[in-house]
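Heads up: the structure comes next, in structure tokens.
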């Protein structure tokens, strides 16, 4: 994108590196005040881990109408850094990188000090939310809680380590919910927290307003406002219409 946030055409290259090193583990100390910190971004977590062996690479060509796609294919469990370089219009190069985690289900062998990551930021009722939670430094029981606002929805006790936790999303999760966990080893508490949104999609409305594109000063005009639910059924609603003189903008 250019400085006006408009897509531009160009070409570039991507390289996917495996990250074999482990993120730095901070010492939480012996005191714990019941705090459940969010996980920093994966880029922050792995910033001191150097690139390892390249496992995928390829050319990228993108247009103003269509972005480029990088075919990564199935990856072995692990951490990876995707580095993308692109030619800019002034003859230079632009580079960006993101860190990816490839995990399956159940127990994960990645060395992570503390992690609480949601696969997606938003879910709908009927879907299954997946979270990567835990710490490779905690070998005993990990206590997990699901909260909907101020209400405790569920509590679980799981084996230690890092794992993928699946949560079937139902009506109790509408409005969003949080997952938090903690575990103890050597008198040190490790914990984490993440939140996902579950919008009230059944309360979304379709609004259609029909008005003339232009009217003359003093001319009477008529319009229509139609409100319906997502299934197309009409609903009772109220609306506020504001009319002002566009000439006041100049």
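Residue numbers (this note's numbering): 7 to 256.
Even glycine gets a Cβ: it sits at the ideal position worked out from N, Cα and C.
Looking at C-alpha atoms only, which residue of the options is the closest neighbour of residue i?
i	options	result
residue 23	253, 218, 166 and 84	84
residue 213	197, 148 and 232	232
residue 47	235, 106, 26 and 57	106
residue 102	108, 93, 37 and 80	93
residue 166	113, 80 and 211	113
residue 250	235, 221 and 207	221
residue 215	100, 127 and 248	248
residue 111	235, 236, 12 and 171	171
residue 202	211, 59, 186 and 39	186
residue 21	96, 39, 29 and 104	104
residue 173	198, 192 and 129	129
residue 223	210, 253 and 198	253
residue 2	192, 234, 255 and 240	Past the boundaries of the shown model lies residue 2; the chain is included only from 7 to 256, so the question cannot be answered.
residue 97	183, 228, 241 and 17	17
residue 29	64, 240 and 53	53
residue 59	71, 73 and 25	25
residue 168	116, 31, 161 and 152	116
residue 12	70, 64 and 45	70
residue 123	163, 161, 89 and 184	184
residue 198	73, 255 and 152	152
residue 127	182, 74 and 45	182
residue 45	135, 73, 72 and 141	141
If you reduce the DSSP assignment to three classes, tell me which class residue i lands in.
i	result
residue 93	strand
residue 142	coil
residue 248	coil
residue 216	strand
residue 253	helix
residue 123	strand
residue 177	helix
residue 48	helix
residue 207	helix
residue 99	strand
residue 130	coil
residue 150	strand
residue 233	strand
residue 38	coil
residue 71	coil
residue 191	strand
residue 111	coil
residue 43	coil
Between the C-alpha atoms of residue i and residue j, what's the straight-line distance to the nearest angstrom?
i	j	result
residue 190	residue 66	46 Å
residue 76	residue 245	46 Å
residue 14	residue 68	8 Å
residue 194	residue 159	27 Å
residue 281	residue 243	Past the edges of the chain, shown from 7 to 256, lies residue 281, and the structure says nothing about it.
residue 82	residue 19	22 Å
residue 55	residue 27	6 Å
residue 87	residue 79	15 Å
residue 91	residue 218	48 Å
residue 121	residue 154	20 Å
residue 178	residue 205	12 Å
residue 146	residue 180	32 Å
residue 43	residue 119	13 Å
residue 188	residue 39	12 Å
residue 100	residue 208	43 Å
residue 51	residue 109	17 Å
residue 49	residue 226	59 Å
residue 239	residue 157	33 Å
residue 164	residue 89	36 Å
residue 210	residue 228	26 Å
residue 161	residue 73	43 Å
What whole-angstrom Cβ distance do residue i and residue j have, given they're in contact under 8 Å?
i	j	result
residue 139	residue 150	7 Å
residue 133	residue 175	5 Å
residue 137	residue 200	6 Å
residue 143	residue 196	6 Å
residue 241	residue 230	Their Cβ separation, rounded to whole angstroms, is 15 Å, which puts residue 241 and residue 230 out of contact at 8 Å.
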